[in-house]
Ligand code: NIG
Ligand code: FE
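In our numbering, the protein residues as written are 1421 to 1846.
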């Protein structure tokens, strides 16, 4: 018998997403559903996945084991959100209203709003207040079924304030059930006070900030915003090469508002991910396919900015590019914590099948963070990170949009959300 201290029993659908990461092409919709599915875990590791009959034959529950009844519900892996700008101060609801009245993201930025506004507020904030604010956001994410989150700096834009943001992420990882993966985004924009000499800011990124942040182990990845008004592809390349030399993984904000060669750059450098891609060209798609770089799509941002251009998800999937989904959680372009809210947008705006959105927000998202062998699917040997949703089958997660269906969440084998409430206050 297999001994277990946690069991999830008799799901209408157990969506395992089992199989090798990343999931490509037609296989993206193959999410390995088991009807009357059960799962068992011992400490933080999954030890059994199967149907009710084999569960009864093979699993022995230890005294004090916790059992979650999943009948008439869907069990799926915890969501992995591979692109957030979590630790910031300075919401921008004013810009939201301005855009509704006709202003654009670019005109607002040119008038000192946009990223610069959040940079000013984040510089004013203490590390403690960034931690406190972000804890509430992480609680919200957990309540929506997210169990792993990438978190970028990029609103400090000086060594001191970038390190403050990244130290906040490190503390959050220590105190909150959600696992956090830190990314250095010092190349978000050239901060206003350095615009007279952008070369000097780039040199500081390459010669001072990246070496220091890498030496202190404050980031696992480095990201660059390649876009007009931010950095061009040649500047991005300098930053990313310096990061690669310090063993940081690479991510690129690419082709969000216009095609600037960010996808080709990500592919050429073997980046882990190229993110956004709303305006990616055919050459960009081909380059990503050849490189195995994951396309992290952020349809919540294009939706929120009312951008007519959508990432060509179907072309990317057909070309064999690994496709993942993320929130882009930030105060300017996608202020939602809920990756579960992005799945319906990905279906309706990108034409992704509900099953594809699940694989993209779990296994492929984990793969883009280098975690595809640990989380993102429900398989023996993987970490028991899962959620139980109050829907009769997985399609309802996209179909009946706008409501949080997540009732229970297990993180590393521990029940952290029960009946829609946190069991451990964050
Ligand atoms: O991913 N594109 C650049 N960065 C963010 C937006 C940041 C902001 O507007 O504060 C994004 O959309
Ligand atoms: Fe972003």
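C-beta atoms are modelled at their ideal positions from N, C-alpha and C, and glycine is treated no differently.
Same chain, Cβ closer than 6 Å to residue i, five either side skipped, listed in chain order
{"i": "residue 1463", "result": "1833"}
{"i": "residue 1830", "result": "1804, 1806"}
{"i": "residue 1729", "result": "1698, 1699"}
{"i": "residue 1758", "result": "1564"}
{"i": "residue 1741", "result": "1708, 1709, 1715"}
{"i": "residue 1422", "result": "1467, 1468, 1478, 1479"}
{"i": "residue 1536", "result": "1612"}
{"i": "residue 1453", "result": "1433, 1435"}
{"i": "residue 1840", "result": "1827"}
{"i": "residue 1838", "result": "1828"}
{"i": "residue 1810", "result": "1493, 1825, 1827"}
Rounded Cβ spacing between residue i and residue j (contact assumed at less than 8 Å)
{"i": "residue 1575", "j": "residue 1538", "result": "5 Å"}
{"i": "residue 1643", "j": "residue 1610", "result": "Not confirmed; about 15 Å, so no contact."}
{"i": "residue 1494", "j": "residue 1435", "result": "6 Å"}
{"i": "residue 1694", "j": "residue 1713", "result": "5 Å"}
{"i": "residue 1641", "j": "residue 1669", "result": "4 Å"}
{"i": "residue 1588", "j": "residue 1558", "result": "Not a contact, Cβ separation roughly 11 Å."}
{"i": "residue 1601", "j": "residue 1570", "result": "4 Å"}
{"i": "residue 1766", "j": "residue 1717", "result": "7 Å"}
{"i": "residue 1608", "j": "residue 1577", "result": "7 Å"}
{"i": "residue 1496", "j": "residue 1814", "result": "7 Å"}
{"i": "residue 1733", "j": "residue 1772", "result": "5 Å"}
{"i": "residue 1743", "j": "residue 1448", "result": "7 Å"}
Beta-carbon proximity list for residue i, same chain, < 8 Å, skipping 5 on both sides
{"i": "residue 1475", "result": "1427, 1429, 1458, 1460, 1468"}
{"i": "residue 1632", "result": "1579, 1583"}
{"i": "residue 1528", "result": "1515, 1518, 1519, 1534"}
{"i": "residue 1769", "result": "1719, 1722, 1723, 1730"}
{"i": "residue 1486", "result": "1425, 1426, 1427, 1835"}
{"i": "residue 1437", "result": "1443, 1451, 1452, 1496, 1497, 1778, 1779, 1782, 1783, 1796, 1797, 1798"}
{"i": "residue 1470", "result": "1454, 1457, 1458, 1478"}
{"i": "residue 1842", "result": "1559, 1562, 1563, 1836"}
{"i": "residue 1820", "result": "1811"}
Which listed residue (the options) has its alpha carbon closest to that of residue i
{"i": "residue 1492", "options": "1838, 1823, 1808, 1738", "result": "1808"}
{"i": "residue 1679", "options": "1648, 1661, 1687", "result": "1648"}
{"i": "residue 1725", "options": "1488, 1520, 1437, 1424", "result": "1520"}
{"i": "residue 1555", "options": "1544, 1593, 1527", "result": "1593"}
{"i": "residue 1561", "options": "1802, 1789, 1747, 1701", "result": "1747"}
{"i": "residue 1836", "options": "1435, 1471, 1619, 1498", "result": "1498"}
{"i": "residue 1445", "options": "1605, 1771, 1776, 1816", "result": "1776"}
{"i": "residue 1568", "options": "1823, 1789, 1718, 1813", "result": "1789"}
{"i": "residue 1676", "options": "1713, 1722, 1632", "result": "1722"}
{"i": "residue 1424", "options": "1432, 1534, 1478", "result": "1478"}
{"i": "residue 1501", "options": "1605, 1812, 1787", "result": "1787"}
{"i": "residue 1753", "options": "1504, 1472, 1451, 1532", "result": "1504"}
{"i": "residue 1489", "options": "1818, 1843, 1841, 1828", "result": "1828"}
{"i": "residue 1415", "options": "1795, 1599, 1483, 1659", "result": "Since the first residue of the chain shown is 1421 and the last is 1846, residue 1415 is not available in this structure."}
{"i": "residue 1634", "options": "1603, 1841, 1656", "result": "1603"}
{"i": "residue 1431", "options": "1456, 1447, 1761, 1440", "result": "1456"}
{"i": "residue 1572", "options": "1781, 1751, 1702", "result": "1751"}
{"i": "residue 1696", "options": "1531, 1734, 1745", "result": "1745"}
{"i": "residue 1581", "options": "1620, 1541, 1566", "result": "1541"}
{"i": "residue 1661", "options": "1636, 1701, 1627", "result": "1627"}
Cβ-based neighbour list, residue i, same chain, cut-off 7 Å, excluding 5 preceding and 5 following
{"i": "residue 1443", "result": "1779, 1783, 1784"}
{"i": "residue 1545", "result": "1509"}
{"i": "residue 1653", "result": "1646, 1680, 1681, 1682, 1685"}
{"i": "residue 1663", "result": "1630, 1642, 1670"}
{"i": "residue 1639", "result": "1586, 1602, 1603, 1604, 1633, 1668"}
{"i": "residue 1655", "result": "1622"}
{"i": "residue 1666", "result": "1630, 1631, 1634"}
{"i": "residue 1711", "result": "1687, 1690"}
{"i": "residue 1818", "result": "1763, 1764, 1767, 1774, 1777"}
{"i": "residue 1756", "result": "1720, 1747, 1749"}
{"i": "residue 1482", "result": "1423, 1424, 1425"}
beta-carbon residue i near ligand 4 non-hydrogen atom, thresh 7 Å
{"i": "residue 1730", "result": "This structure lacks ligand 4; the ligands present are ligand 1 and ligand 2."}
Identified DSSP bridge partners for residue i
{"i": "residue 1809", "result": "1494, 1826"}
{"i": "residue 1696", "result": "1674"}
{"i": "residue 1480", "result": "1423"}
{"i": "residue 1598", "result": "DSSP output for residue 1598 lists no bridge partner at all."}
{"i": "residue 1471", "result": "1457"}
{"i": "residue 1747", "result": "In DSSP, residue 1747 forms no bridge with anything."}
{"i": "residue 1570", "result": "1601"}
{"i": "residue 1535", "result": "Its beta-bridge partners do not exist; DSSP assigns none."}
{"i": "residue 1431", "result": "1457"}
{"i": "residue 1462", "result": "1465"}
{"i": "residue 1659", "result": "Its beta-bridge partners do not exist; DSSP assigns none."}
{"i": "residue 1488", "result": "1428"}
{"i": "residue 1516", "result": "The partner list for residue 1516 (beta bridge, DSSP) is empty, contrary to what the question assumes."}
{"i": "residue 1645", "result": "1673"}
{"i": "residue 1714", "result": "1693"}
{"i": "residue 1504", "result": "1749"}
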